[in-house]
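Trainee: Under the working numbering, residues -3 to 250 are what the sequence shown spells out, in order. Sending over a structure as structure tokens; questions will come in a sec.
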Amino acid sequence: MKILHRLFASVGVVALSACVHATPIVIPSQASWHWQLSGKLQTPDRLVYDIDLFDNSAATIGNLKSRGRIVVCYFSAGSWEDWRADASQFPQAALGAPLDGWPGERWLDIRNPQVRELMARRMQLAKAKGCDALEPDNVDGYSNGNGLNLTEADQLDYNRWLSRQAHALDLAIALKNAVELVPQLVNDFDFALNESCYAYKECDAYRLFRQQGKAVFIAEYRTLNKSLCSKAAADGYQLQFFKRELKGVGTPCS
-3 MKILHRLFAS VGVVALSACV HATPIVIPSQ ASWHWQLSGK LQTPDRLVYD
47 IDLFDNSAAT IGNLKSRGRI VVCYFSAGSW EDWRADASQF PQAALGAPLD
97 GWPGERWLDI RNPQVRELMA RRMQLAKAKG CDALEPDNVD GYSNGNGLNL
147 TEADQLDYNR WLSRQAHALD LAIALKNAVE LVPQLVNDFD FALNESCYAY
197 KECDAYRLFR QQGKAVFIAE YRTLNKSLCS KAAADGYQLQ FFKRELKGVG
247 TPCS
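Given below as structure tokens:
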């Protein structure tokens, strides 16, 4: 919490210039991965750990890295969450419609300079805690009932801004969902994470990531399905099966 308060008090938007030469970590395309966003952190033998930025300390992240893990830090980049430490700092004018099925969350006006400054501070916090990469969530607000009249152009501009900010901090960054934007954003993001693209028959879009040698992590909320595992293996995706609360350890294909 002290790190959080110190950063929020002192850090503004990351300055970008032509002289920045970021070198974010490369996520191996066939890496094993653990994705857990709630509950006591489990420690399966996986290379990549994707965990909540706010709920895990610098010491926890440092311990994972000391054991050779790559740590990806999750935060919501497109929604306001009423339980976060910085919730009171978001302007009321930037809060949109509630997220369907997610109590306490509202879509954010990603065009708002204050929203962007707060997100930049979150990325600075990730850097200070020792995260290797970022998983910004809810980066497809334009395609939802956001109550803010966000457009696809607004979303592309914001998502590319997130990527530039991450790379300026030498952090890798995932494109989370936003399947329809993959062709426009594949060059800007270092790897991809998708929920339920097999359920929605949308996984083919991620071949563009694999064509660039980038990792594609897919989460399906169902029990192990060997047929889907075969499809994922053929496409070079890392598929895993989870319970929706993301409290425990998922079941990978192998």
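All residues carry an ideal CB built from backbone N, CA and C; glycine is no exception. Predicted, not measured: the structure shown is a model, and the values here were computed from it.
Determine the contact status of D186 and A168, defining contact as a CB-CB distance below 8 Å.
Mentor: Indexing the sequence shown from 1 puts residue 186 at position 190. Indexing the sequence shown from 1 puts residue 168 at position 172. Closer than 8 Å, so yes.
Trainee: Which of the three DSSP states, helix, strand or coil, is assigned to V68?
Mentor: Counting from one through the sequence shown, the residue named residue 68 turns up at place 72. In the structure shown, V68 sits in a strand (DSSP, three-state: E or B).
Trainee: Just to confirm my understanding: we take L204, look at its own chain, exclude 5 residues before and 5 after, and list those with CB closer than 6 Å. What are they?
Mentor: Within the sequence shown, residue 204 is the residue found at index 208, counting from 1. Counting only Cβ-Cβ distances below 6 Å, and skipping sequence neighbours, we find V178 and V182.
Trainee: The alpha helix (DSSP H) with L152 in it runs from where to where?
Mentor: Within the sequence shown, the letter at position 156 stands for residue 152. Where L152 is concerned, the enclosing alpha helix (DSSP H) stretches over E148 to A164.
Trainee: Less than 8 Å between C-beta atoms, sequence neighbours within five positions excluded: which residues of the same chain meet that for A89?
Mentor: Sequence index remark: in the sequence shown, residue 89 carries index 93 (1-based). Closer than 8 Å at the Cβ level, and outside the excluded window around A89, lie D105 and N108.
Trainee: State the DSSP-derived secondary structure class of K172, mapped to helix, strand or coil.
Mentor: Start at 1 with the first residue of the sequence shown, and residue 172 comes out as number 176. The answer is strand: DSSP assigns K172 an E or B state.
Trainee: Have a look at Q151 and M115 and give me their C-alpha separation to the nearest angstrom.
Mentor: Locating residue 151 in the sequence shown gives position 155, counting from the first residue. Locating residue 115 in the sequence shown gives position 119, counting from the first residue. Distance between the alpha carbons of Q151 and M115: 15 Å.
Trainee: Taking 8 Å as the cut-off, does the stretch 157 to 168 touch the stretch 140 to 149 (at least 3 CB pairs, one atom from each stretch)?
Mentor: Judged by Cβ distances under 8 Å, the stretch 140 to 149 makes no contact with the stretch 157 to 168, as fewer than three pairs qualify.
Trainee: Confirm, please, whether the CB-CB distance from C249 to A229 is below 8 Å.
Mentor: Indexing the sequence shown from 1 puts residue 229 at position 233. Indexing the sequence shown from 1 puts residue 249 at position 253. Their beta carbons are under 8 Å apart, which means A229 touches C249 by this criterion.
Trainee: Please indicate yes or no: does the CB of D82 lie closer than 7 Å to some heavy atom of the ligand ZN?
Mentor: As presented, the structure is devoid of all ligands, the ligand ZN included, so that no description of it is given.
Trainee: Grab me the residues of S34's own chain with a C-beta within less than 8 Å of its C-beta, minus the 5 sequence neighbours each way, in chain order.
Mentor: The residue labelled residue 34 in the question sits at position 38 within the sequence shown. Closer than 8 Å at Cβ, skipping near neighbours: D48, D51, E241, L242 and K243.
Trainee: Hey, could you find the ends of the beta strand (DSSP E) V212 is sitting in?
Mentor: As a working mapping, residue 212 is identified with position 216 in the sequence shown. First-last of the beta strand (DSSP E) with V212: V212 to E216.
Trainee: In its own chain, which residues sit with a C-beta less than 6 Å from the C-beta of L91, not counting the 5 before and 5 after it?
Mentor: Position 95 of the sequence shown holds residue 91. Result list for L91: W76 and R102, in chain order.
Trainee: If you draw a straight line from the alpha carbon of K61 to that of G143, how long is it in whole angstroms?
Mentor: Locating residue 61 in the sequence shown gives position 65, where the first residue counts as 1. Locating residue 143 in the sequence shown gives position 147, where the first residue counts as 1. The straight-line gap from Cα to Cα measures roughly 40 Å.
Trainee: Report yes or no: is there a C-beta of chain D within less than 8 Å of the C-beta of D105?
Mentor: Going by chain labels, chain D is absent from the structure shown, which holds only one protein chain.
Trainee: Please state whether DSSP places I21 in a helix, a strand or coil.
Mentor: Here residue 21 corresponds to residue number 25 of the sequence shown, with the count starting at 1. Here I21 sits in coil by DSSP.
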